[in-house]
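Input: a single structure, listed below in structure tokens.
2 protein chains.
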Amino acid sequence: MPPNKEGAGGRDDRSVTGKLFTLLSVFSPRRTVLTLSEIAHRSGLAVTTVHRLVGELVERGILERDSDRRYRIGLALFEIAALAPRGPGLREVALPYMEDLYEVTRENVQLGVRAEDEVVFVERIAGRASVGVRTRLGGRFPMPPTGLGLVLLAHAPSEVRQRVLEAPLRRFTPHTLTDPERVRSVLSDVRRDGFAISDRQVTSDALSVAAPVFGGSGEVVAALSVVLRFGSVRPSSLAPAVRMAARGISRALTAPVTSSETTRPD
Amino acid sequence: MPPNKEGAGGRDDRSVTGKLFTLLSVFSPRRTVLTLSEIAHRSGLAVTTVHRLVGELVERGILERDSDRRYRIGLALFEIAALAPRGPGLREVALPYMEDLYEVTRENVQLGVRAEDEVVFVERIAGRASVGVRTRLGGRFPMPPTGLGLVLLAHAPSEVRQRVLEAPLRRFTPHTLTDPERVRSVLSDVRRDGFAISDRQVTSDALSVAAPVFGGSGEVVAALSVVLRFGSVRPSSLAPAVRMAARGISRALTAPVTSSETTRPD
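If you want it as structure tokens, here you go:
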């Protein structure tokens, strides 16, 4: 979102909701802690507006202030976001199957969903010994070069596929597919085979094997992947395990909800 | 928060920020999907206000609408909340140590922080074979009966301890400590020993061993615990492993940030 600079005493006709989420969106993985004036500068909102809104957000725990008068995203926002069915909700259901897959493969296991034209990472189990993966939960990435993304894109509405393949395809390694026709053919294989292999498209030492997670109406709601070091295992040999785990999650998602809603934290 | 019912055409003088978060707070673990009129009813906000705000929130992906015109917390909120240093930020740092602890113990491993007078669960690794724990990420629980909570309460500002121990202490099992003086003495042991054991205080079949995670100025910023079935292991024998993992997280939290900010999702 481009900053919409207000003049001194100028009027900002964006809605308060717009201002609030503009303000919250200035925080980023590289800027998790900001001063009031940094927030004002990066949001393009007037300092007085920022001052008032930040005060209201701190009062509700949506932002937290540290001892240096710097602000960060607060726990109250995390508590609300934990209810997102496509985020932590999905993760709760998927976690046991992801753990099984990790036990069996000892490789990075990832779960993602589509948000518009990108994949958002919802969960990850990273093996210490497995190839380095710096996925950030809640982070976004283009779909075509990742296993998760290939699965999500293969099953996305055709207008999404059209839009993604008409945009330039970013190259990360010499192996990244940048020809839309080639990607289109891979996506058709993904639909036929029930899994995707993305071979060294993001980094030259890693590849991923991914399978779709289905919702109640047979639509693809998420994708599950294993990321492994290139040359360590024949990737297609992992496909059955990944598909099994993805089917397990699909079944759990569509199972009737049990009444075991008791909380037993300790 | 009690519903603040507006009369027909009545005026609601809460700020827009207040209304927005009142609206978002009607979603709960039992009510993750709501219709517009349910949101209005539960928030006590006028239907017209709810209609307008929900529209703005959907436009930003903060809420998502399903095909039955019901609303749920959206992925965009999860993406912002993923930046919370005391939530997912802490989790990112802690996860490898939690995985090690899980490998060694094969028991539930949990991470929590204090939010006002309660513990909020930030991460959990649950063993399939371990005792059932239904902790919900982002969920809250009273501090005194849990291992995590005992650690956090032992190191909380004295006014927090005062407030918590002056309120009635809820009983979950015959083992739950409900005498404030008894809890006070346990908290003093926790500070002396460097770990807490909560014995069947939440359910009669489980206990937990917890240790503090320290921030840069030596303050306790989180707690780490292992939850195990009563009678399976002598809990104090797990204390060294839990303390080791908690110290690992403390060290990682205060280590200078490396420049390995590259993203390699797949």
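Read top to bottom, the protein sequences are chains A and B. Residue numbers for the first sequence follow my numbering, so the first one is 2 and each next one is one higher. Residue numbers for the second sequence follow my numbering, so the first one is 2 and each next one is one higher. Yeah, the Cβ is synthetic: ideal placement off N, Cα and C, and Gly gets one too.
1. Return the CA-CA distance between Arg252 of chain B and Val222 of chain A, expressed in angstroms with no decimal places.
2. With 8 Å as the C-beta to C-beta threshold (strictly closer), list the residues of the segment 53 to 87 of chain B near chain A in chain order.
3. What separation, rounded to the nearest whole angstrom, lies between the Cα atoms of Gly249 of chain B and Glu57 of chain B?
4. Counting along the chain, where does the beta strand (DSSP E) carrying Ile74 of chain B start and finish?
5. List the residues of chain A that Leu138 of chain B touches, going by C-beta distances under 9 Å, in chain order.
6. For Gly113 of chain A, which beta-bridge partners are listed by DSSP?
7. Since Val191 of chain B contacts Leu229 of chain B with CB under 8 Å, what's their CB separation in whole angstroms?
8. Can you find the residues in the same chain that come closer than 6 Å, C-beta to C-beta, to Ala95 of chain B, ignoring five residues on each side of it along the sequence?
9. With Ala211 of chain A and Leu225 of chain A assumed to form a contact (beta carbons below 8 Å), what rounded beta-carbon distance in angstroms separates them?
10. Pull up the CB-CB distance for Arg92 of chain B and Glu124 of chain B, whole angstroms please, since I reckon it's below 8 Å.
11. May I ask you to report which of helix, strand or coil DSSP gives Ile198 of chain A?
12. State the DSSP-derived secondary structure class of Pro213 of chain A, mapped to helix, strand or coil.
13. Kindly say whether Phe231 of chain B, judged by its beta-carbon, lies nearer than 8 Å to any beta-carbon of chain A.
14. Against chain B, does Thr174 of chain A count as a neighbour if the rule is that its beta carbon must be under 8 Å from one of theirs?
15. Between Asp67 of chain B and Arg73 of chain B, is the Cβ-Cβ spacing less than 8 Å?
16. I'd like to know whether the C-beta atoms of Ser209 of chain B and Val227 of chain B end up nearer to each other than 8 Å.
17. Just to confirm the assignment: which complete beta strand (DSSP E) runs, minimum length 3, are found wholly within the segment 31 to 84 of chain B?
18. Evaluate Gly217 of chain A with the Cβ neighbour count: other Cβ atoms within 10 Å of its Cβ, from every protein chain shown; 16 or more gives buried, anything less gives exposed.
19. Tell me which residues of the segment 16 to 39 of chain B have at least one Cβ-Cβ distance to chain A shorter than 8 Å, keeping chain order.
20. When you compare only the Cα positions, how much space is there between Ala256 of chain B and Asn109 of chain A?
21. Rounding to the nearest angstrom, what Cα-Cα distance links Leu25 of chain A and Ser238 of chain B in this structure?
22. What's the gap between the Cα of Phe268 of chain A and the Cα of Arg141 of chain B?
23. Considering only their Cβ atoms, is the gap separating Val120 of chain A from Leu166 of chain A smaller than 8 Å?
24. Would you call Glu220 of chain A buried or exposed, if buried means 16 or more other Cβ atoms sit within 10 Å of its Cβ?
25. With a CB to CB cut of under 7 Å and the five nearest residues on each side skipped, what residues in its chain are close to His52 of chain B?
26. Say whether chain B places a C-beta atom closer than 8 Å to the C-beta of Val121 of chain A.
27. Looking at the C-beta of Leu96 of chain B, does it have a partner C-beta in chain A at a distance below 8 Å?
28. In chain B, which residues lie with their C-beta within 7 Å of the C-beta of Ala242 of chain A?
29. Ala313 of chain B to Arg43 of chain A, Cα distance in whole Å?
30. Report the residue from B:Ile126, B:Ala116, B:Arg137 and B:Leu138 whose alpha carbon sits nearest the alpha carbon of Met144 of chain B.
31. May I ask you to report which of helix, strand or coil DSSP gives Ser237 of chain A?
Reading it off the structure:
1. Roughly 38 Å between the two C-alpha positions.
2. Listed by position along the chain: Leu54, Glu57, Leu58, Arg61, Gly62, Ile63, Glu65, Arg73, Ile74, Gly75, Leu76, Ala77, Leu78, Phe79, Glu80, Ile81, Ala82, Ala83, Leu84, Ala85, Pro86 and Arg87.
3. Cα to Cα, Gly249 of chain B sits roughly 43 Å from Glu57 of chain B.
4. Per DSSP, the unbroken beta strand (DSSP E) holding Ile74 of chain B starts and ends at Tyr72 to Ile74.
5. Around Leu138 of chain B, the beta-carbon contacts reaching into chain A at under 9 Å are Phe79, Ala83, Pro89, Arg92 and Glu93.
6. Gly113 of chain A pairs with A:Phe122 and A:Ala224.
7. Contact doesn't hold; Cβ gap of about 18 Å is too wide.
8. Closer than 6 Å at Cβ, skipping near neighbours: Leu112 and Ile250.
9. About 6 Å separates the Cβ atoms of Ala211 of chain A and Leu225 of chain A, confirming a contact at the 8 Å cut-off.
10. Between the beta-carbon of Arg92 of chain B and that of Glu124 of chain B there is about 4 Å, and that keeps the pair under the 8 Å contact cut.
11. Three-state DSSP puts Ile198 of chain A in a strand.
12. Annotated three-state conformation of Pro213 of chain A is strand, per DSSP.
13. Taking Cβ atoms only, chain A never reaches closer than 8 Å to Phe231 of chain B, which makes this a no.
14. In terms of beta-carbon proximity, Thr174 of chain A stays away from the interface with chain B, with every pair separated by 8 Å or more.
15. Pairing Asp67 of chain B with Arg73 of chain B gives a Cβ-Cβ distance under 8 Å.
16. Yes, these two residues count as a Cβ contact at 8 Å.
17. If we require 3 residues or more, the beta strand (DSSP E) runs fully inside the segment 31 to 84 of chain B come out as 64 to 66 and 72 to 74.
18. With fewer than 16 other Cβ atoms within 10 Å, it is exposed.
19. Against chain A - using a Cβ distance shorter than 8 Å - the residues of the segment 16 to 39 of chain B are Ser16, Val17, Thr18, Gly19, Leu21, Phe22, Leu25, Ser26, Phe28, Ser29, Pro30, Arg31, Thr33 and Val34.
20. Each residue's Cα considered, the two are about 24 Å apart.
21. Straight through space, the alpha carbons of Ser238 of chain B and Leu25 of chain A are spaced by roughly 45 Å.
22. Shown here, chain A extends from 2 to 267; a query on residue 268 of chain A therefore has no answer.
23. No; because the gap between Cβ atoms is not below 8 Å, this pair is not in contact.
24. When all chains shown are included, Glu220 of chain A counts as exposed.
25. A distance below 7 Å between beta-carbons, with the five flanking residues on each side excluded, links His52 of chain B to the following residues of its chain, in chain order: Leu37.
26. Yes, Val121 of chain A lies at the interface with chain B (some Cβ there is under 8 Å from its Cβ).
27. Answer yes: the Cβ-Cβ gap between Leu96 of chain B and chain A drops below 8 Å somewhere.
28. Residues of chain B passing the Cβ test: none, with the nearest at roughly 16 Å.
29. Because residue 313 of chain B is not part of the residues shown, which for chain B are 2 to 267, the question remains open.
30. Of the candidates B:Ile126, B:Ala116, B:Arg137 and B:Leu138, the one whose C-alpha sits nearest the C-alpha of Met144 of chain B is B:Ala116.
31. Reduced to three states, the DSSP call for Ser237 of chain A is helix.
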